[in-house]
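**Q**
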Amino acid sequence: MNVTLTIAGSDSGGGAGIQADLKTFQELGTFGTSVITAITSQNTQGVHAVHAIPVQDVESQLKAVLDDFPIQAAKTGMLFSAAIITTVSRLMKAHNIPLVVDPVMIAKGGASLLQQEAITAMKTELLPLATVITPNIPEAEVLTGMTIVDDATMIAAGQALLTIGVKVAIIKGGHLAGSHTARDIIVSTDDIFIVETPFITTKDTHGTGCTFSAALTAELAKGTALREAVTIAKQFIQAAIQHPLHLGSGHGPTNHAAYHNFEKVQVTLYDDL
Ligand SMILES: Nc1ncnc2c1ncn2[C@@H]1O[C@H](COP(=O)(O)OP(=O)(O)OP(=O)(O)O)[C@@H](O)[C@H]1O
Ligand SMILES: Cc1ncc(COP(=O)(O)O)c(N)n1
């Protein structure tokens, strides 16, 4: 059994955060473990409260998991504060575990899930440990200070992230104005490629970023090579968005069981850039 780990916030609504990650880990046949960094009171309408877990409790959860489980890949989501980032980075540095960093900053409804002063710690302490980083365009702009408007600037931002020490940058293009496709660009030192699916018009997109990065983490834990792992993660999130559950009155969760319950979706991969 391949063991995965998520270090993230709890979403009481079950569509994002720790809950999305554990469901995705399970669906993709891995055993999920978790370290909770914050408790959010959240539903499909928004984030109503955030309670950060004291840093010593984050540390003891992470030590407990790392001491006893053969973790094959880990991911981070909502880390909330510089103190939590520093602690997580220090402990993960001592282990050679593939790490997917989803640099969660703002919830879809606009609530802040990362304090402004934590961005420096993310760049200097956590990103050098990242095997893969999965920012959307606004997050990539904050981390690089660059303005992203097209494929060329997405690639340039990905390359800027590599100079910080990240091995692979996946810039998610869903925020590009006028885009009719969900187009993500993958940049590493020896490879650049694009994965693309049709953009689905729906309000049920709560937790898409968490779910995509968790699917990627599960595949990396199983030893799947990068291109195949990214393709499976993209199929997983596309199926989850395409077959919504219609829960709640706001931004509903995606359907984490859709990848197995419906036929496989087509992902287009371009590497002729
Ligand atoms: N409506 C959609 N239709 C198809 N794919 C989507 C949709 N929304 C997000 N995705 C895909 O889900 C994955 C996770 O995306 P994520 O939500 O983190 O970032 P984004 O698409 O850049 O922005 P947004 O926060 O608006 O969804 C990416 O592969 C993205 O392309
Ligand atoms: C605890 C937690 N973590 C992450 C997100 C981001 O969710 P989204 O992927 O919809 O932006 C969230 N809303 N809550």
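Going by my numbering, the first residue of the sequence shown is number 12, and it counts up by one from there.
Backbone N, C-alpha and C fix where the C-beta goes; we use that ideal spot for every residue, glycine too.
This one's a predicted model, so the numbers in the text were calculated from it and none came from an experiment.
(1) Can you tell me which of the three DSSP states residue 42 falls into?
(2) Contact between the region 230-237 and the region 30-44: three or more CB pairs below 8 Å?
(3) Starting from residue 209, trace the beta strand (DSSP E) in both directions and tell me its first and last residue.
(4) Among 29, 175, 93 and 249, which one has its Cα closest to the Cα of residue 192?
(5) Compute the distance between the beta-carbons of residue 92 and residue 129, then report whether it is under 8 Å.
(6) Select from 80, 29 and 57 the residue whose C-alpha is nearest the C-alpha of residue 12.
(7) Of all the options 269, 161 and 15, which has the alpha carbon lying nearest to the alpha carbon of residue 108?
(8) Using 8 Å as the threshold, is the region 197-217 in touch with the region 251-264, meaning 3 or more CB pairs across them?
(9) Counting pairs of beta carbons, one from the region 161-181 and one from the region 144-153, are three or more of them closer than 8 Å?
(10) Taking all protein chains shown into account, do 16 or more other C-beta atoms lie within 10 angstroms of the C-beta of residue 131, making it buried, or fewer, making it exposed?
(11) If we ignore side chains and look at the alpha-carbon of each, how far apart do residue 254 and residue 158 end up?
(12) Let me know if residue 78 comes out buried or exposed under the rule of 16 or more other beta-carbons within 10 Å of its beta-carbon.
(13) For residue 273, which three-state DSSP category applies?
**A** To lay it out plainly:
(1) Here residue 42 refers to the residue found at position 31 when the sequence shown is read from its first residue. Residue 42: strand per DSSP, three-state reduction.
(2) yes
(3) By one-based count along the sequence shown, residue 209 stands at place 198. Segment 202-209, the beta strand (DSSP E) holding residue 209.
(4) By one-based count along the sequence shown, residue 192 stands at place 181. The shortest Cα separation from residue 192 among 29, 175, 93 and 249 belongs to 249.
(5) If you number the sequence shown from 1, residue 92 lands on position 81. If you number the sequence shown from 1, residue 129 lands on position 118. Contact: yes.
(6) What you label residue 12 is simply residue 1 of the sequence shown in a count that begins at 1. Ranking the options by Cα distance to residue 12, first place goes to 80.
(7) Here residue 108 refers to the residue found at position 97 when the sequence shown is read from its first residue. Looking at the Cα atoms, 15 is the closest of the given residues.
(8) yes
(9) yes
(10) Within the sequence shown, residue 131 is the residue found at index 120, counting from 1. Exposed, by the Cβ-count rule.
(11) The count along the sequence shown starts at 1 and reaches residue 254 at position 243. The count along the sequence shown starts at 1 and reaches residue 158 at position 147. Between residue 254 and residue 158, the C-alpha separation is close to 33 Å.
(12) In the sequence shown, residue 78 corresponds to position 67, counting from 1. Classification for residue 78: exposed.
(13) In the sequence shown, the residue the question calls residue 273 occupies position 262. Note: residue 273 maps to coil in three-state DSSP.
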